[in-house]
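Following: one structure in structure tokens, then a few remarks.
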Amino acid sequence: MSAPSSAAVTPIRITRIVAAPLFGESPKGGWSVEIKAEDSIHALIAVHTDAGIIGFGSAFTDGRLVEAALKVLEPLYIGENALEPERVSEKLHQNTFWMGRGGSLTHAISGIDIALWDILGKVTGLSIGRLAGGRYRDRVMPYCSLLMDEPAIMKDEIVRYREQGFRAFKIGWGPFGRRDDERLDEAIVAAAAGALPPGGKLMVDAGASDAYWPNGLKWAMRTADMLADHNVDWFEEAVKPDALEDFVTLRKQSRVPIAGGEVLTRRQSFIPFLVGGAFDIVQPDVTKVGGLSEQRRIAWMAEDFGVRYVGHGWNTALGIAADLQLAAALPNVTLVEYIGGSAYVDNIMTRPFGLDADGLLAIPDTPGLGVALDQDKIARYSPAAAQLFAAG
Ligand SMILES: [Mg+2]
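According to the working numbering, the residues represented by the sequence shown are 1 to 392, in order.
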């Protein structure tokens, strides 16, 4: 074999980065103040290069914040080598320490980082899973994430998505824990559990990152007991996201595995939770936490602490595409999150994701993220869609 040519590593330069905020079809969050059609809480990001190659990513935050963050970051990324995602993303983190690290800047860097990995894959001809060290698997099970509702409606929802081929479900938010009615909470869980396919999995998400979450540790302990009686696979955000000590106590006594971490950003934020023993399952969000570079380090850190990693793929098809690549490149990933019925997941790609007969998603092994966006579809949700793809 001949040595690699220097041409293979010739830098390509970032010429501009654009964002396309998504509007109109944001799925409900179950939040106390519900997301409205005119709200932007997700944005697509395109990194353009002097080689004409475009990388795509997405950020889970208001598109106006992403646009402002791109302006702040611009002097740091213009002219940078688009083939060095970890170094360029770290440069952006390190040089914005005093500007609100962990917030909008980190969210925007997440989208940029995903797009840079996409570019590196497109230039080298490798999927991100291979670039991240190799593929442990070709398929992974998506769990369908649904908002909780009254028991009869909940049952119908599970049946509807079960018929689409999903085998694992997570239900959360909605009335759960919010009506001071533990019988209702149990009835919702029982209705969902009764509608599962044979061998199906059910997880429960209290959603304690909601505004003014009213419950504390004792509620979480009683509820964990109830969930264990219904064979629930994990209990997520059962206490407020910052209640580290409560997470530790709950994890020690709960028969159901304890999950959390979706609102934490930056790898450093996860250290006290992992060292303290807060989680059985950690759920960083690749579109908030700092992108694939950061998510990969958190997932490996969790692996070394004996904590399961499951990506919080809630945002867009690109967020899930990124989660799929990491699901390939880590040894113990068994699930990825997949929100049920989101246009931003199911209706922005030329070939939407599809479940196979086993209820699994294939993990692309084509260059970069291995998915193709459809400009016309995105234009339904973003007036800035054309900017993502425009040359020059
Ligand atoms: Mg959650």
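Even glycine gets a Cβ: it sits at the ideal position worked out from N, Cα and C. This structure is a prediction, so every number in the text was calculated from the model and none was measured.
Can you tell me whether residue i is buried or exposed? The criterion is at least 16 other CB atoms within 10 Å of its CB, across all chains shown.
i: N332; result: exposed
i: I158; result: buried
i: F270; result: buried
i: A259; result: buried
i: M1; result: Confidence in M1 is poor, its pLDDT being 47 and thus under 50, which makes the residue's placement unreliable; the coordinate value appears in the next sentence. The residue is exposed, with fewer than 16 neighbouring Cβ atoms inside 10 Å.
i: G78; result: For the sequence presented, residue 78 should be read as Ile rather than Gly. Classification for I78: exposed.
i: E182; result: exposed
i: G276; result: exposed
i: N354; result: Sequence check: residue 354 is Gly here, not Asn. It is exposed - the Cβ of G354 has fewer than 16 other Cβ atoms within 10 Å.
i: W314; result: buried
i: A385; result: buried
i: T49; result: buried
i: K36; result: exposed
i: P383; result: exposed
i: Y372; result: Rather than Tyr, the amino acid found at residue 372 in this sequence is Ala. A372 comes out exposed.
i: W117; result: buried
i: T428; result: As shown, the chain starts at 1 and ends at 392. That puts residue 428 outside it, with no answer to give.
i: R296; result: buried
Taking Cβ positions, are residue i and residue j nearer each other than 9 Å?
i: V18; j: L388; result: yes
i: L292; j: D113; result: yes
i: L326; j: I128; result: yes
i: D346; j: A379; result: no
i: F56; j: Y338; result: no
i: A299; j: S254; result: no
i: V394; j: A211; result: No information on residue 394 is available, as it lies outside the stretch 1 to 392 that the chain covers here.
i: G290; j: H93; result: yes
i: V47; j: A115; result: yes
i: E80; j: I14; result: yes
i: V189; j: M226; result: yes
i: I281; j: E245; result: no
i: V256; j: V286; result: no
i: Y309; j: Q268; result: no
i: H107; j: K377; result: no
i: I45; j: G111; result: yes
i: L126; j: G63; result: no
i: G341; j: P85; result: no
i: I109; j: A69; result: yes
i: R130; j: D323; result: no
i: G368; j: K122; result: yes
i: M311; j: L147; result: Residue identity check: residue 311 is Gly in the sequence provided, not Met. The answer is no: Cβ separation not under 9 Å.
i: I53; j: I12; result: yes
Considering only the alpha carbon of each residue, which of the options lies closest to residue i?
i: D358; options: T106, G199 and G261; result: G199
i: G172; options: A238, F166, V345 and P11; result: A238
i: A329; options: F97, K36 and R135; result: R135
i: D242; options: G261, G313 and L73; result: G261
i: L83; options: T10, G100 and T15; result: T10
i: W213; options: R222, F176, A228 and M226; result: F176
i: A206; options: V248, A108, G174 and L44; result: G174
i: N95; options: N81, G111 and E74; result: E74
i: Y161; options: A152, E150, S145 and T287; result: S145
i: L335; options: W234, Y344 and R251; result: W234
i: G102; options: A20, I53, R351 and E294; result: E294
i: D138; options: G370, Y381, D376 and I35; result: G370
i: D229; options: A187, D149 and T249; result: A187
i: W219; options: S104, L202, D185 and V232; result: D185
i: T249; options: A278, G63 and N231; result: A278
i: M141; options: L126, K122, D50 and K170; result: K170
i: Y344; options: A208, G311, L70 and D374; result: D374
i: S209; options: A59, S110 and R178; result: R178
i: K240; options: N215, R251 and G30; result: N215
i: I348; options: L361, L360, I320 and A362; result: I320
i: Y143; options: K201, E163, D149 and P151; result: K201
i: V420; options: L76, R16 and W98; result: What is shown of the chain runs 1 to 392, which leaves residue 420 out entirely.
i: A193; options: K155, F273, Q164 and A390; result: K155
Considering only DSSP beta bridges, list what residue i is partnered with.
i: I14; result: T49
i: N215; result: N215 is not bridged to any residue.
i: P352; result: DSSP output for P352 lists no bridge partner at all.
i: E236; result: D205 and A259
i: H42; result: L22
i: R222; result: DSSP lists no partner for R222.
i: I339; result: S145
i: N81; result: R13
i: Y309; result: V282
i: I171; result: L146 and V204
i: G368; result: S127
i: G55; result: V47
i: A362; result: R139
i: L373; result: M349
Regarding residue i and ligand 3, is the C-beta to nearest heavy atom distance less than 8 Å?
i: H42; result: Here the bound small molecules are ligand 1; ligand 3 is not part of this structure.
Answer yes or no: does any C-beta atom of chain D fall closer than 9 Å to that of residue i?
i: G57; result: Chain labels in this structure do not include chain D; a single protein chain is all it has.
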